[in-house]
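Heads up: the structure comes next, in structure tokens.
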Amino acid sequence: MQPDGTEEVKISALIRRPALAVPIGVCVLLAVPAKAEDASVAQGIMTTAPVSDPALVERANFKFALLLDDVALGPVWHQAMQARRARLAQIPTHCAADGGCRLRGFRWTAEEIAQARRALQTAPRTAIAVLAGQMRASGTFARYRLSHDPQLVAQAWDDLTGTYNRIIDVYGLGQAPLYPAIDSISFDAASDLWSKVVVEATNQIAATPSGTAGLLQGDPAHRLALTLLYLNERENAGLFGALDVRENAEVWARARQTDWSRYPYTVILVLGDGPDKPGQMIGTFGKLRLARAVQLYRAGKAPFIVVSGGNVHPAGTLFNEAAEMKRELMTRYAIPADSIVMEPHARHTTTNFRNTARLMIRYGIPLDRPAIATTSERHSAYAGGAEFDRKAMAEIGLVPRRVVKRLSPYDFSFLPEPASTHRDARDPLDP
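Heads up, the sequence shown is in full-length UniProt numbering, so the first residue is 1 and it goes up one at a time.
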């Protein structure tokens with residue numbers, strides 16, 4: 001029987017997001033065509049709520065799966081994957097209309113993870129060497145760079161399956177993420193209606209041929225994880241896919257021609273301050289941090305200002321911290337676009353530093369020369385202290401900066417960590 005439309009209406013009511021006070025102009029200006037990009041960036045429009053690219057979400061979170069599917073790993077690997085497929089094929093019948101049962105069934109079991117790991121250990125050595133070479137070249141697995149090839153592959157395998165299970169747990173079953181206030185499931189996971197959504201989604205996955213997708217890309221857990229991020233509107237990792245050739249194009253071009261010896265520091269990193277109320281584009285402390293960064297820039301401390309922050313506060317916001325800070329620098333302070341590096345993904349102070357290091361590497365900004373981090377006094381004490389180091393190790397597996405010198409209560413110099421290129425999908429919104 002075809003639905004009468006009432007369930008679709010109820011689904012929208014299930015979504016738990018704050019009531020956003022969006023300026024009237026945004027509704028009109030979001031329709032500005034792409035060729036009006038320069039003007040829209042200055043006004044903080046198109047770059048604030050761009051369309052996410054699902055292919056980027058997949059690459060950011062599941063790079064290892066894509067690499068695995070491109071390598072001939074031998075019959076034992078195929079047998080392990082087929083054994084899992086056979087179990088998953090029974091889930092619709094076994095679980096029937098129980099969405100929670102289906103979600104739990106799609107998870108990778110400890111036995112399946114171990115069986116596949118053993119299969120990787122028996123794969124042809126030449127295949128593992130090729131795979132490990134691609135992994136090292138990508139920079140995505142930089143934390144494991146000192147591991148020998150089989151260990152490198154095993155570490156990445158455990159991370160990958162852990163990511164699948166974590167996304168199902170958080171964005172399907174409603175378990176608490178590390179930061180519940182901003183990263184939780186968008187629905188009532190215990191509701192009958194969410195169970196119906198899950199049943200329909202898993203039915204679609206089961207009924208849709210995987211086509212030319214590899215064994216992992218075609219695995220139901222892989223497809224379910226991507227579907228759950230989409231349904232929860234958590235495809236943040238796919239935002240700003242053209243960052244290098246659009247928002248940061250002028251910066252990239254200028255960085256290639258910069259005489260770094262003319263400046264005591266490479267960049268001035270402004271640590272974002274998320275708005276604390278709906279409709280607010282820049283947090284109150286964020287405005288003060290920008291003013292401080294402008295002072296440093298005009299004093300000739302560095303040729304670039306890095307504005308770092310994603311779509312974070314309040315939960316579900318349409319405003320992007322970095323885009324809004326760039327707009328403010330351009331319109332209020334007349335800072336030219338080729339002096340502003342936009343880092344639009346970070347959700348925490350730890351990832352402000354990590355993601356900035358990634359952009360510096362990409363744009364050829366030297367890592368062996370110090371940069372400046374500027375923020376509020378209390379925040380600076382944390383960002384430059386031992387508690388930050390402990391938190392960074394616990395949450396992203398590395399300390400993304402080494403403090404060089406305290407410059408003022410608001411500023412300190414630091415050296416970025418080259419291993420910041422490592423992708424850590426424990427946070428699938430900004431891995």
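Ideal Cβ placement from N, Cα and C applies to all residues, glycine included.
Only a predicted model underlies this, so the values are computations on that prediction, with no experimental measurement involved.
Under the DSSP definition of a beta bridge, which residues are partnered with residue i?
| i | result |
| --- | --- |
| E343 | S308 |
| K405 | S413 |
| A371 | F414 |
On the three-state DSSP scale, how would you describe residue i?
| i | result |
| --- | --- |
| S261 | helix |
| V28 | Here V28 scores only 26 on pLDDT, less than 50, and its place in the model should not be relied on; the value that follows carries that caveat. It is helical. |
| I268 | strand |
| S40 | Only weak support is given to the placement of S40: the predicted model assigns it a pLDDT of 42, under 50, and the value that follows is read from those uncertain coordinates. In this structure, S40 counts as helix in the three-state DSSP scheme. |
| A334 | coil |
| D70 | coil |
| M135 | helix |
| I205 | helix |
| K35 | For K35, the pLDDT reaches just 38, beneath the cut-off of 50, and the residue's location in the model is therefore unreliable, although a value from the coordinates is still provided. K35 falls in the helix class under three-state DSSP. |
| V399 | coil |
| K301 | coil |
| G100 | helix |
| L146 | coil |
| Q151 | helix |
| D192 | helix |
| M281 | coil |
| I365 | coil |
| Q79 | helix |
Can you tell me the Cα-Cα spacing of residue i and residue j, whole angstroms?
| i | j | result |
| --- | --- | --- |
| W260 | C101 | 58 Å |
| Q79 | R118 | 12 Å |
| P54 | I268 | 32 Å |
| G162 | A97 | 26 Å |
| G309 | G364 | 21 Å |
| K277 | A253 | 37 Å |
| V307 | A154 | 36 Å |
| M330 | R125 | 54 Å |
| G272 | I340 | 14 Å |
| L279 | V245 | Residue 279 is actually Gly in this sequence, not Leu. If I take the Cα positions, the gap works out to 29 Å. |
| H422 | M135 | 10 Å |
| A190 | G174 | 8 Å |
| D158 | G274 | 33 Å |
| P366 | A302 | 12 Å |
| S147 | T93 | 43 Å |
| E112 | Y164 | 13 Å |
| R87 | V76 | 17 Å |
| residue 445 | Y263 | This structure gives no information on residue 445, because the portion of the chain shown stretches from 1 to 431. |
| P150 | C95 | 37 Å |
Which whole-angstrom value describes the C-beta separation of residue i and residue j, a residue pair presumed to lie in contact below a C-beta threshold of 8 Å?
| i | j | result |
| --- | --- | --- |
| V312 | I182 | 6 Å |
| L429 | R347 | 6 Å |
| M342 | N203 | At roughly 41 Å, the Cβ-Cβ gap does not stay under 8 Å, so M342 and N203 are not in contact. |
| A419 | R143 | 6 Å |
| N232 | I185 | 6 Å |
| V57 | L228 | About 11 Å separates the two Cβ atoms, so there is no contact after all. |
| P344 | A323 | 6 Å |
| L103 | I168 | 6 Å |
| L270 | L288 | The sequence as given places Val at residue 270; Leu does not occur at that position. With a Cβ gap of about 10 Å, V270 and L288 do not count as contacting. |
| A129 | L73 | Going by Cβ atoms, the distance from A129 to L73 rounds to 12 Å, so no, they are not a contact pair. |
Exercise. Is the region 218 to 232 close to the region 103 to 118, with three or more CB pairs under 8 Å?
Worked result: yes
For this session: Kindly confirm or deny that the region 375 to 388 and the region 318 to 327 touch, where touching means at least three C-beta pairs closer than 8 Å.
Result: no
Exercise. Is the region 409 to 418 touching the region 368 to 379 in the sense that three or more CB pairs, one from each, lie closer than 8 Å?
Worked result: yes
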